[in-house]
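Enquirer: For the sequence shown, the working numbering begins at 24 and goes up steadily by one.
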Amino acid sequence: MREIADHVAAERVGGTGFAVLVDARGFPISVPEGRSLGSLPGWSITRAALHSGNSVGSSEFKSPEGRAFVGAYAPVPSLGGAVLILQPREEAYLAASEARNAAGLAVIVVIAGSLLSAALLARLLTAPVLKLTRAAEAVARGDFQARVEITTGDELQELAETFNAMTQRLRQYSVLQVDRLVAEQRKTEAILFSIG
Numbered sequence: 024m025r026e027i028a029d030h031v032a033a034e035r036v037g038g039t040g041f042a043v044l045v046d047a048r049g050f051p052i053s054v055p056e057g058r059s060l061g062s063l064p065g066w067s068i069t070r071a072a073l074h075s076g077n078s079v080g081s082s083e084f085k086s087p088e089g090r091a092f093v094g095a096y097a098p099v100p101s102l103g104g105a106v107l108i109l110q111p112r113e114e115a116y117l118a119a120s121e122a123r124n125a126a127g128l129a130v131i132v133v134i135a136g137s138l139l140s141a142a143l144l145a146r147l148l149t150a151p152v153l154k155l156t157r158a159a160e161a162v163a164r165g166d167f168q169a170r171v172e173i174t175t176g177d178e179l180q181e182l183a184e185t186f187n188a189m190t191q192r193l194r195q196y197s198v199l200q201v202d203r204l205v206a207e208q209r210k211t212e213a214i215l216f217s218i219g
C-alpha cells in the first residue's frame, strides 16, 4: 500500500497539477511533498469521488480557498477510497487557450492575405483597362498617334492590338483626308486664279 501511495504522491500533471490518494472518509493517504490538503474531505470533487460507486469522473470545482481546479477521479475499491488528479483550471486549459489564440491569429493572417491578394488582383485587372481608356481619350481629342502596349496574353491584349490597328487606320485616313483637302484647296486656288 505504501508503494502505491508513494507512486501516487510522485505523480505530476502539467506544471503544478498533482495526484492524491484518499481514504474512505476523504482524508489524504498520500500528499505530494510541500502540499497541505487538510481540507480535502470538504472539496466537492472528493465527495463526488467517494459517492461515485465504481465509476470514474471529472469536474471543475473550487477549493475552499476559492481557487479554480479541474479534476478527475477513479475509485480504489480495495481501499474504499479514490485517486484524485487535480490541476489548476488556468493551467489545464492553457493548451486550448493557446490553440484558440493561434487559430485566431491564423484567421487574421488569412483575411489580411486575402484582402491584399484581392487588391493586387484588382490593380492587375484594372491597369490595362485604364491604359485603354487614356488612349481612347487621346484619340477622341484627335491624337491618332496614341498606342496601347498591353502584354497580358489574354482578351485585353487582343483589344489593345485591335485598338492600335484602328488608330493606325485612323492616322492613314486622317493623312488621306488632309491630302484631299490640300488637293481641293489647290484646285480652288487654280480656279480662282484663272477667273481672276
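Think of the CB as a built atom: it goes at the ideal place given N, C-alpha and C, for glycine as much as any other residue.
From a predicted model like this one, the values you see are computed outputs, not experimental measurements.
Output the distance between the C-alpha atoms of Leu179 and Arg170, rounded to the nearest integer angstrom.
Expert: Rounded to whole angstroms, Leu179 to Arg170 spans 14 Å at the Cα level.
Enquirer: For Gly104 versus Val45, is the C-beta spacing smaller than 7 Å?
Expert: yes
Enquirer: Any idea if Gln110 is buried or exposed, counting beta-carbon neighbours within 10 angstroms, 16 or more meaning buried?
Expert: By the C-beta density criterion, Gln110 is buried, having at least 16 other C-beta atoms within 10 angstroms.
Enquirer: Quick one: measure Cβ to Cβ for Ile68 and Gly94, integer angstroms, because I've assumed they're closer than 8 Å.
Expert: 4 Å
Enquirer: Within its chain, find whatever has a CB closer than 6 Å to the CB of Pro98; leave out the 5 residues flanking it on each side and keep chain order.
Expert: So the qualifying residues of the chain are Asn77, Ala105.
Enquirer: Thinking C-beta only, is Ala42 closer than 7 Å to Ile108?
Expert: In this structure, Ala42 lies closer than 7 Å to Ile108 by Cβ.
Enquirer: Would you identify the three-state DSSP class for Phe50, choosing helix, strand or coil?
Expert: It is coil, neither helix nor strand.
Enquirer: Skipping 5 residues on each side, what residues in its chain have a beta carbon closer than 8 Å to that of Thr175?
Expert: For Thr175, where only same-chain residues beyond five positions count, the Cβ hits under 8 Å are Pro151.
Enquirer: Which residues does DSSP pair with Leu109 in a beta bridge?
Expert: Phe41, Gly94
Enquirer: With a cut-off of 8 Å on the beta carbons, I'd call Ala72 and Tyr96 a contact; round off their distance for me.
Expert: 4 Å
Enquirer: So what's Ser137 in DSSP terms, helix, strand or just coil?
Expert: It is helical.
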